[in-house]
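Heads up: the sequence shown at position 344 corresponds to 347 in this note's numbering, and the numbers run straight through without jumps.
The structure appears right after this line, and notes come after that.
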Amino acid sequence: MANKPHLNLIVTGHVDHGKSTTMGHFLFDLGVVDQRMIEEFARESEKTGAGDSFKYAWVLDELKDERERGVTIDLAFQKFETPKFFYTLIDAPGHRDFIKNMITGASEADASVLIVSAKKGEQDVALGPGGQAREHAFLLRTLGVNQLVVCINKMDDQTVKYSEQRFNESKQDVENLLKIVGYDIKKVQIIPVSGWTGENLIKKSTNMPWYKGPTLFEVLDTFTEPPKPINKPLRIPIQDVYTITGVGTVPVGRVETGRIRVGDTVVIMPEGITAEVKSIETHHTPMEEAVAGDNIGFNLRGVAKTDFRRGSVLGPPKDPPTIAKEFLGQIIVVYHPTAIAAGYTPVLHCHTAQVAATITELVAKI
Numbered sequence: 004m005a006n007k008p009h010l011n012l013i014v015t016g017h018v019d020h021g022k023s024t025t026m027g028h029f030l031f032d033l034g035v036v037d038q039r040m041i042e043e044f045a046r047e048s049e050k051t052g053a054g055d056s057f058k059y060a061w062v063l064d065e066l067k068d069e070r071e072r073g074v075t076i077d078l079a080f081q082k083f084e085t086p087k088f089f090y091t092l093i094d095a096p097g098h099r100d101f102i103k104n105m106i107t108g109a110s111e112a113d114a115s116v117l118i119v120s121a122k123k124g125e126q127d128v129a130l131g132p133g134g135q136a137r138e139h140a141f142l143l144r145t146l147g148v149n150q151l152v153v154c155i156n157k158m159d160d161q162t163v164k165y166s167e168q169r170f171n172e173s174k175q176d177v178e179n180l181l182k183i184v185g186y187d188i189k190k191v192q193i194i195p196v197s198g199w200t201g202e203n204l205i206k207k208s209t210n211m212p213w214y215k216g217p218t219l220f221e222v223l224d225t226f227t228e229p230p231k232p233i234n235k236p237l238r239i240p241i242q243d244v245y246t247i248t249g250v251g252t253v254p255v256g257r258v259e260t261g262r263i264r265v266g267d268t269v270v271i272m273p274e275g276i277t278a279e280v281k282s283i284e285t286h287h288t289p290m291e292e293a294v295a296g297d298n299i300g301f302n303l304r305g306v307a308k309t310d311f312r313r314g315s316v317l318g319p320p321k322d323p324p325t326i327a328k329e330f331l332g333q334i335i336v337v338y339h340p341t342a343i344a345a346g347y348t349p350v351l352h353c354h355t356a357q358v359a360a361t362i363t364e365l366v367a368k369i
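Spelled out as structure tokens, the structure:
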């Protein structure tokens with residue numbers, strides 16, 4: 004792990020298009036999850052009356068539960084390696100209500116897997132106005148996640164039957180969307196997969212001999228490490244704050260710029276509180292220093308959990324994060340059912356923060 008560059012990978016797409024099943028199967032085939040766990044999930048799934056259909060999907064749900072039980076570092080279990088990279092997997096909920104979590108995840112991501120169902124009706128909804136695949140694609144691009152791979156999922160479905168024609172139709176629809184969003188489609192690999200059977204995730208599919216391209220695993224190894232802004236002032240947007248028994252207050256977040264060392268004094272904005280860094284760890288491994296790109300949990304001396312919250316930003320006392328009361332912004336309207344005018348009060352998502360805001364003036368239409 005220490006010798007490989009680290010990338011954050013976010014999995015996105017419309018609800019029920021197979022994100023959790025695909026990535027659960029992917030982790031199983033990589034050996035990150037063992038057979039015993041899958042068999043246990045299959046038994047639990049049978050009890051719901053849905054057959055064993057959740058046996059892979061629950062891999063990620065189980066990890067979410069682990070997280071909610073107070074695991075020190077958010078997303079700690081969702082990790083895997085390719086020959087070149089060490090990856091942390093961020094699973095973004097596809098449900099409409101979770102779009103704010105998707106924004107938080109995407110703001111921390113270096114690359115994304117977008118999963119789109121090959122089933123005609125499902126795909127039309129996901130890529131259409133208000134569809135989550137469409138919205139996620141816009142958000143990824145807007146938030147600067149430029150490395151993208153698309154999986155056209157459910158190729159094994161009875162309505163699809165591994166059809167090359169259906170894949171090509173799906174591919175065309177996805178490419179049309181990505182062009183509108185601003186992606187260079189020559190750089191976006193689109194792969195026909197089955198999350199359920201595991202085809203083209205790690206092993207090539209024998210049911211789709213017409214597809215000559217790489218598997219998902221192979222594509223992930225072609226991504227590049229984004230430049231790390233280590234020489235800029237320290238900035239860590241706080242994702243969560245935990246109280247760990249015997250340790251104390253443990254905030255969790257990604258180092259966006261700069262570096263942080265054990266023993267440093269830091270300031271938390273906008274609260275203006277200073278604290279000392281007692282310890283740092285990533286994926287349960289203690290470290291003396293963390294740099295831009297690292298996901299960390301760190302113990303602070305001199306603050307309580309209630310002193311700050313998700314969306315606060317950590318920095319050095321001599322160059323603290325700045326605070327803005329108002330700003331001039333360029334907005335892209337992805338989808339909105341009504342007109343937006345001066346006086347409109349949206350919720351503004353910025354890194355891990357979300358705050359109520361008011362549009363005071365529309366300066367120009369571009």
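Cβ coordinates follow ideal geometry from the N, Cα and C atoms, glycine included.
These numbers come from a predicted model, not from an experiment.
{"Check": "Among the residues of its own chain, which have a CB less than 6 Å from the CB of residue 271, if the five just before and after it don't count?", "Outcome": "311, 315 and 317"}
{"Check": "How about residue 180 and residue 29: are their beta carbons less than 9 Å apart?", "Outcome": "no"}
{"Check": "Find the nearest neighbour of residue 111 within the set 344, 292, 336 and 13, judged by alpha-carbon distance.", "Outcome": "13"}
{"Check": "Going by CA-CA distance only, name the one from 185, 231, 225 and 152 that's closest to residue 195.", "Outcome": "152"}
{"Check": "Going by DSSP, what residues sit across from residue 90 in a beta bridge?", "Outcome": "10 and 83"}
{"Check": "Do you know whose CA, among 36, 32 and 113, lies nearest residue 8's CA?", "Outcome": "113"}
{"Check": "With a 10 Å radius around its C-beta and 16 neighbouring C-beta atoms as the bar for buried, classify residue 298 as buried or exposed.", "Outcome": "buried"}
{"Check": "Can you list, in chain order, the residues of its chain whose CB lies under 8 Å from that of residue 73, leaving out five sequence neighbours each side?", "Outcome": "Only weak support exists for where residue 73 lies, its pLDDT of 34 falling under 50; the coordinates are left without a value."}
{"Check": "Let me check understanding here. Comparing Cα to Cα, which of 342, 344, 356 and 360 lies closest to residue 350?", "Outcome": "360"}
{"Check": "For residue 206, list the residues DSSP reports as bridge partners.", "Outcome": "202"}
{"Check": "Would residue 175 be called buried (16 or more neighbouring beta carbons within 10 Å of its own) or exposed?", "Outcome": "exposed"}
{"Check": "Can you tell me which residues form a DSSP beta bridge with residue 282?", "Outcome": "302"}
{"Check": "Kindly indicate which three-state DSSP category residue 70 falls into: helix, strand or coil?", "Outcome": "The predicted model places residue 70 with a pLDDT of 41, which falls under 50 and marks its position as unreliable; any figure quoted below should be read in that light. Looking at residue 70 - three-state DSSP - the assignment turns out to be helix."}
{"Check": "Check whether the segment 135–154 and the segment 221–232 touch, using three or more Cβ-Cβ pairs below 8 Å as the test.", "Outcome": "yes"}
{"Check": "Just verifying my parser: in three-state terms, what is the DSSP assignment at residue 183?", "Outcome": "helix"}
{"Check": "In angstroms, rounded to a whole number, what distance separates the CA positions of residue 167 and residue 274?", "Outcome": "56 Å"}
{"Check": "Using the three-state DSSP reduction, which class does residue 40 fall into: helix, strand or coil?", "Outcome": "helix"}
{"Check": "Taking only three categories from DSSP, how would you classify residue 137?", "Outcome": "helix"}
{"Check": "Give every residue of the same chain whose Cβ lies closer than 8 Å to the Cβ of residue 148, excluding the five residues on either side of it in the sequence, and list them in chain order.", "Outcome": "13, 109, 112, 113, 114 and 115"}
{"Check": "My understanding is that residue 121 touches residue 17, with C-beta atoms under 8 Å, so please give their C-beta distance in whole angstroms.", "Outcome": "Not confirmed; about 13 Å, so no contact."}
{"Check": "Helix, strand or coil: which one does DSSP assign to residue 352?", "Outcome": "strand"}
{"Check": "When the Cα atoms are used, what is the spatial distance from residue 92 to residue 82?", "Outcome": "6 Å"}
{"Check": "Contact between the segment 211–223 and the segment 289–297: three or more CB pairs below 8 Å?", "Outcome": "no"}
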